[in-house]
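Take any residue in the sequence shown, note its place counting from 1, add 52, and you have its number in my numbering.
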Amino acid sequence: MTTHNPLSAPPSVIARWLLALLSVTLAAHAQPKIAVIDLPKVFNLYYKTVRADAALKERGAEFEKAKQEMIDRYHQAEAEYRRLVAEAGDPALSAQEQVKRKSQAEAKLRDLKEMDERFAKFVRDTQEAVANQIQRLREKHLREIQENVSAKSNAEGYELVLNTSALGADHLPLVVFHHEVPDLTDAIVQQLNANAPAEPNDKKSTQP
Numbered sequence: 053m054t055t056h057n058p059l060s061a062p063p064s065v066i067a068r069w070l071l072a073l074l075s076v077t078l079a080a081h082a083q084p085k086i087a088v089i090d091l092p093k094v095f096n097l098y099y100k101t102v103r104a105d106a107a108l109k110e111r112g113a114e115f116e117k118a119k120q121e122m123i124d125r126y127h128q129a130e131a132e133y134r135r136l137v138a139e140a141g142d143p144a145l146s147a148q149e150q151v152k153r154k155s156q157a158e159a160k161l162r163d164l165k166e167m168d169e170r171f172a173k174f175v176r177d178t179q180e181a182v183a184n185q186i187q188r189l190r191e192k193h194l195r196e197i198q199e200n201v202s203a204k205s206n207a208e209g210y211e212l213v214l215n216t217s218a219l220g221a222d223h224l225p226l227v228v229f230h231h232e233v234p235d236l237t238d239a240i241v242q243q244l245n246a247n248a249p250a251e252p253n254d255k256k257s258t259q260p
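Dropping the structure here:
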């Protein structure tokens, strides 16, 4: 059995082998197609984020109004309690009236404790509900952004998209420098907001 020696082949064949080997080597070491994106900017400019922020601010204003009303009612009840306590010890009143005022003061004190508990529960429940809503919306919007980035990357052949605003565990930027790398930020914002419904107060908008 004879063994074929590649080096004994004609120079043209050897050249083709070397070219094929070089192509494989270059392909193995080819750099991935990379793009960058400013994720916080995209998130903040996404119309759903803008509207969610506006709705949360409105809800926050309603919460502050309701909270202040509860505080005002508490202060009124507190003033009434102090008045009853003072009258319960007023020698100008009869003993019977003093006992009556004392009983009313004790009832008012119980009311104050209940009002304080309701206030604390209202604040706690509202803050928890708002925090949960913010978390749900944040996750939902980030997922939608990621889906759009993935779709664009697949369509344009990007293998890696880096967030230029990302920070490492040491709070230092993960992307220190990039040159002539496509930035998808504006394109993704435009893509996300392409089908944004008209603002309710937009005079130019028309009802379907």
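Idealized CB from N, CA, C, for every residue including glycine.
Alpha-carbon to alpha-carbon, residue j and residue i
i: Glu180; j: Glu232; result: 45 Å
i: Ser202; j: His230; result: 20 Å
i: Leu189; j: Lys173; result: 24 Å
i: Gln120; j: Glu132; result: 18 Å
i: Glu208; j: Ala239; result: 12 Å
i: Gln150; j: Arg170; result: 30 Å
i: Glu199; j: Thr101; result: 16 Å
i: Lys85; j: Gly220; result: 23 Å
i: Leu212; j: Asp90; result: 14 Å
i: Pro225; j: Pro92; result: 14 Å
i: Leu97; j: Ser205; result: 20 Å
i: Ala250; j: Ala113; result: 24 Å
i: Val94; j: Arg135; result: 58 Å
Enclosing beta strand (DSSP E) for residue i [first to last residue]
i: Asn247; result: Here Asn247 belongs to no beta strand (DSSP E), and DSSP marks it neither H nor E.
i: Val88; result: Ile86 to Ile89
Residue i - containing alpha helix (DSSP H), residue span
i: Leu164; result: Ala147 to Glu208
i: Asp235; result: Where Asp235 is concerned, there is no enclosing alpha helix (DSSP H), given that its DSSP letter is neither H nor E.
i: Arg98; result: The sequence shown places Tyr at residue 98, rather than the Arg named in the question. Premise fails: Tyr98 is in no alpha helix (DSSP H) and is neither H nor E.
Residues sharing a beta bridge with residue i, DSSP
i: Pro225; result: Leu219
i: Val213; result: Ala87
Residue from the options whose Cα sits closest to the Cα of residue i
i: Asp235; options: Ser217, Gln150 and Gln185; result: Ser217
i: Gln187; options: Leu108, Ala138 and Lys93; result: Leu108
i: Leu164; options: Ala147, Pro143 and Ala129; result: Ala129
i: Lys152; options: Pro249, Phe115 and Ala140; result: Ala140
i: Glu116; options: Val227, Val175, Ala246 and Tyr210; result: Val175
i: Leu244; options: Met122, Tyr99 and Asp177; result: Tyr99
i: Gln242; options: Asp222, Met122 and Ile197; result: Ile197
i: His193; options: Val88, Asp105 and Glu166; result: Asp105
i: Arg111; options: Leu161, Pro143, Gln185 and Leu145; result: Gln185
i: Ile123; options: Val182, Glu166 and Ala157; result: Glu166
**OP:** At 4 residues or longer, and completely inside the region 98-144: list those alpha helix (DSSP H) runs for me, N to C.
**Re:** 99-140
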